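To start, the structure under review is shown below, and the notes come after it.
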DNA sequence: TATGAATGAGGTTTCATTCAT
DNA sequence: GATGAATGAAACCTCATTCAT
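Chains as they are written, first to last, in this note's numbering: chain A, 459 to 664; chain B, 459 to 664; chain C, 459 to 664; chain D, 459 to 664.
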């Protein structure tokens with residue numbers, strides 16, 4: 459009997475927690491959809507709760523404000539991005555920029571909606587984690603673990619990471635408008651640019 | 459007498475026009491200052507009119523809404539950018555990417571406040587003209603007028619322009635945070651990256 | 459066996475009742491603490507249930523709303539006040555105002571927190587029993603049982619009770635701010651004022 | 459022409475100011491009415507603006523929040539009370555408690571609605587000026603300027619003022635419930651109590 | 001009986017926009 | 001053309017209350 463009541467108790471606790479988690483997930487999914495459609499600033503709490511089919515107040519049971527929901531969303535995805543890219547890169551013998559960039563583009567493609575929101579929100583939202591920083595951080599790691607560090611002696615690594623991030627971010631924005639090419643072609647083009655640069659004839663007078 | 463009054467009239471007209479133009483300029487200058495300080499979304503019309511020391515209603519005599527004022531501001535600056543870059547490039551014998559990028563960075567540096575607003579606002583503002591587009595357009599022109607067009611045969615020119623724009627935009631954002639290096643070093647680093655790419659050892663397995 | 463189960467049943471019932479009473483007491487104690495700290499209006503049900511360490515819903519198993527909890531609290535204390543003052547007064551040979559006022563001040567001093575809430579809440583709470591009424595009622599009883607009723611012939615007794623209550627209430631509020639003097643000095647000062655009034659020179663022209 | 463335009467200008471300014479003042483007065487009058495009817499806490503901004511027949515936003519053009527409006531109201535009335543009582547007292551040859559108390563009761567009677575709100579709000583509202591303090595301050599002044607100061611040597615003047623205030627406040631609350639007697643009778647009864655105290659037989663055992 | 005997640009009415013507050021002067 | 005008081009839609013957020021577990 460004692461055991462029984464205990465079991466009931468934990469079950470009860472568990473049910474509550476499960477329901478709570480479900481609602482939270484619904485809210486995040488709804489937020490993602492609405493943010494993608496209307497952008498951060500034109501999205502109201504009501505928009506989100508209606509999309510999630512919950513009461514307004516429920517939102518505040520899970521997030522302090524719009525900012526927190528947004529950050530949670532972004533953090534979650536970029537945490538996954540980071541982990542996934544790291545995993546994918548590890549599965550190869552050595553860390554190469556090629557694999558990293560490919561991995562980023564693939565992941566970004568799969569999560570286009572969130573990436574475009576995150577990039578579009580730019581410096582607008584008081585966010586703890588910026589997309590660009592996540593990407594740049596990953597790139598820095600690649601640079602630091604380069605097989606021949608001497609090759610990078612003359613480069614300012616953080617700046618380099620930032621510039622390369624610019625190319626990647628722009629690629630993702632490009633997708634948001636154009637809906638082509640696929641992630642692998644995109645990665646390929648970016649990598650081609652990064653590997654060989656542009657034709658010398660563009661830089662010098664005839 | 460008729461002439462006299464006519465003259466007076468035109469003078470008065472002229473005065474009115476000058477006064478109007480002055481108010482408008484005040485508003486734009488104020489908008490620029492406030493946007494730079496508080497960002498697009500946190501700036502209210504009242505913020506602008508107070509900074510310009512005019513009545514709220516006056517704003518609406520010159521602009522339909524905040525968006526229009528913002529776009530006017532951006533357009534103006536980018537129009538100047540475009541003209542200036544074109545002029546500077548023309549003063550050289552041939553259009554080269556080096557000169558173009560240098561010119562862009564110099565101009566951007568001189569107008570850092572507006573550039574950072576424009577870049578930070580990202581896709582937030584329902585704007586017809588995006589900074590990135592202005593830059594990309596300029597780059598496309600450079601690519602099209604390349605001295606040896608055959609060199610670019612294998613490139614997707616618009617995408618290329620977009621990616622290069624990403625590098626430039628990121629460079630400007632870098633400034634907004636770091637306040638170093640100067641425009642010419644920045645252009646140099648970007649050009650180095652664009653000209654030679656990164657060391658091959660980053661791309662391949664050992 | 460029947461008896462046994464019955465016994466068990468009643469025991470269980472009893473346990474339940476005791477548990478229930480405990481919860482209720484916890485809630486009242488918590489309410490008292492929170493009301494004293496934050497005031498009636500700034501106290502939410504959640505504040506109370508958290509302080510009592512019970513679920514929100516539990517509150518509603520014991521009280522209809524905040525008002526009822528508040529009234530219960532107040533009623534309880536004033537019921538005790540009434541009983542105690544009556545008992546103390548009875549222990550003397552005759553009812554005198556001195557003993558009554560002293561008794562009230564002593565009791566109020568012992569329960570300062572609740573008295574200050576009750577007085578501060580003023581007419582804010584839709585309450586059936588006002589502190590002032592409880593005191594006034596006690597005073598009326600004293601007046602009615604006066605040893606020489608003729609002495610009070612010219613007085614409007616309810617109004618008199620009300621005015622004297624005003625003095626007492628103000629004395630308690632004074633404590634809340636000043637934290638001095640003790641209950642007996644306070645009673646003494648009030649009684650001195652009530653017994654002899656103020657110097658005649660204050661009322662007339664020289 | 460210059461004069462003309464100047465005149466026009468000041469007139470225009472003046473009109474605006476007049477309109478503004480009118481609206482503000484409307485809001486205060488409405489607030490007074492609603493506060494008196496529903497009490498401080500049950501009054502919403504909307505209640506006030508609807509009663510004043512202005513838009514919601516207009517309220518915030520004149521007051522920061524409900525508190526400020528309330529305080530303005532109270533301050534205004536008590537400022538008038540103070541001035542009026544002072545004036546009335548001055549018109550007599552010497553300051554006496556009789557005149558002061560009479561004056562307070564008369565004024566309170568004329569402004570019953572506000573007094574009852576102010577007294578009922580008790581310590582609820584974060585107010586800079588409490589009614590009781592205003593009255594007590596006035597009484598202290600009377601005591602200090604007593605014709606024969608020696609008579610008050612044995613009294614704690616601030617406490618005394620506070621206690622007397624209690625009597626007056628209670629008198630006003632009495633009116634709010636009972637609607638009788640008039641101000642002068644009320645003052646008379648209070649003064650009688652204050653002058654002679656209660657019959658000695660109430661205090662001692664037979 | 002106790003719980004606490006969910007609800008949504010209702011309050012506060014802001015601000016783009018209008019319009020009489 | 002310039003002004004700024006007034007407007008009210010629309011956002012935010014809280015909290016008393018319910019109800020399934």
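Just so it is clear, CB atoms sit at the ideal spot from N, CA and C, and this is done for glycine as well.
Bear in mind that the values here come from a model prediction, so they are computed numbers and not experimental data.
Asked	Found
Span of the alpha helix (DSSP H), counted from its first residue to its last, around residue 537/D	524-548
Where residue 552/D falls: helix, strand or coil (DSSP)	coil
Where the alpha helix (DSSP H) through residue 511/B begins and ends	First-last for residue 511/B: undefined, no H or E at that position.
For residue 481/C, three-class secondary structure by DSSP	helix
Distance between residue 605/D and residue 633/C (C-alpha atoms, nearest Å)	30 Å
Residue-chain proximity (residue 531/B, chain A), Cβ-Cβ < 9 Å	no
Range of the contiguous alpha helix (DSSP H) that encloses residue 641/A	641-654
Validate contact between the stretch 616-627 of chain A and the stretch 522-529 of chain A using beta carbons, cut 8 Å, 3 pairs	no
Among 601/B, 476/B, 484/B, 661/B, the one whose alpha carbon lies nearest that of residue 521/B	484/B
Helix, strand or coil at residue 657/C [DSSP, three-state]	coil
N-terminal and C-terminal residue of the alpha helix (DSSP H) that residue 624/A is part of	615-636
Chain A residues whose Cβ lies nearer than 9 Å to that of residue 606/B	657, 659, 660, 664
Environment of residue 643/C [buried if 16+ CB atoms lie within 10 Å]	exposed
Contact the stretch 505-522 of chain A vs the stretch 539-559 of chain A: 3+ CB pairs below 8 Å	no
Beta-carbon contacts of residue 493/A that lie in its chain and below 6 Å, excluding the five residues immediately before and after	501, 575
For residue 530/C and residue 600/D, the rounded distance between their alpha carbons	42 Å
is_contact[residue 524/C, chain D] using C-beta, thresh 9 Å	no
Sequence-distant residues of its chain with Cβ nearer than 7 Å to residue 490/D (five each side left out)	531, 571, 572
DSSP three-state assignment for residue 472/A, whether helix, strand or coil	helix
Delimiting residues of the alpha helix (DSSP H) encompassing residue 592/B	589-602
Classification of residue 515/C by the beta-carbon crowding that lies within 10 angstroms, buried from 16 upward	exposed
Closest by C-alpha distance to residue 591/D, when choosing among 628/C, 618/C, 569/C	628/C
Chain C contact residues for residue 556/D, given Cβ-Cβ distances below 7 Å	661
Short Cβ contact (9 Å threshold) for residue 539/A with residue 566/A	yes
Any chain D beta carbon closer than 9 Å to residue 491/C	no
Proximal residues of chain C, C-beta to C-beta of residue 654/D below 7 Å	655
Simplified DSSP state of residue 499/A, which is helix, strand or coil	coil
Cβ of residue 481/B within 9 Å of any chain A Cβ	no
Local Cβ density within 10 Å of residue 488/B, reported as buried at 16 or more and exposed below that	buried
Assigned exposure category for residue 561/D - 16 Cβ within 10 Å defines buried	buried
Proximity winner among 481/C, 499/C, 534/C, 588/C, relative to residue 508/C (alpha-carbon distances)	481/C
Local Cβ density within 10 Å of residue 647/D, reported as buried at 16 or more and exposed below that	buried
Rounded separation between residue 612/C and residue 602/C - CA only	13 Å
Test: residue 569/B CB closer than 9 Å to a CB of chain A	no
Residues that residue 627/B contacts on chain A, provided the C-beta gap is smaller than 8 Å	624, 628
Classification of residue 588/B by the beta-carbon crowding that lies within 10 angstroms, buried from 16 upward	buried
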